[in-house]
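Visitor:
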Amino acid sequence: MALKIRLTRIGTTHQPHYRVVVAEARSRRDGDPVEVIGTYDPRTKGQQVKLDLGRVDYWLSKGAKPSDTLHAIIKRYRRAPAAVPAA
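Heads up: the sequence shown begins at 81 in my numbering, then just goes up one per residue.
#1: For Tyr-98 and Val-129, I'd like the C-alpha separation in whole angstroms.
#2: Mapping the DSSP letters down to three states, classify Val-116 as helix, strand or coil.
#3: Do you know how far the Cα of Val-102 is from the Cα of Trp-139?
#4: DSSP state of Thr-124, grouped into three classes?
#5: Which first and last residues belong to the alpha helix (DSSP H) in which Arg-135 is found?
#6: By Cβ distance below 7 Å, which residues in the same chain neighbour Thr-149 in space, the five residues on each side in sequence not counted?
Here is the structure:
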């Protein structure tokens, strides 16, 4: 069973909103995921991504491959907390 970490769309027309999911590679885009590990809302001004990095690392260690888009989002999300001062 090959797994992918990818986006699944839950938004309406002209209002995109996505879930970050772990799903089988051959399943359809909005098919039943193995696990939901975050959300992505490209229309917000502040924090667009909410991810559970612990689960992301777990699935990566199990062999799941992120899509190109998710690879970039995860990389950017890992750098973001370092730029924000702890308050």
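Backbone N, C-alpha and C define an ideal beta-carbon position, used for all residues, glycine too.
Guide: This is what the structure gives:
#1: So the alpha carbons of these two residues sit roughly 10 Å apart.
#2: Strand, per DSSP.
#3: Rounded to the nearest angstrom, the two C-alpha atoms are 8 Å apart.
#4: DSSP, read as helix, strand or coil, puts Thr-124 in coil.
#5: Segment 133-141, the alpha helix (DSSP H) holding Arg-135.
#6: So the list reads Leu-87, once near-sequence residues are dropped.
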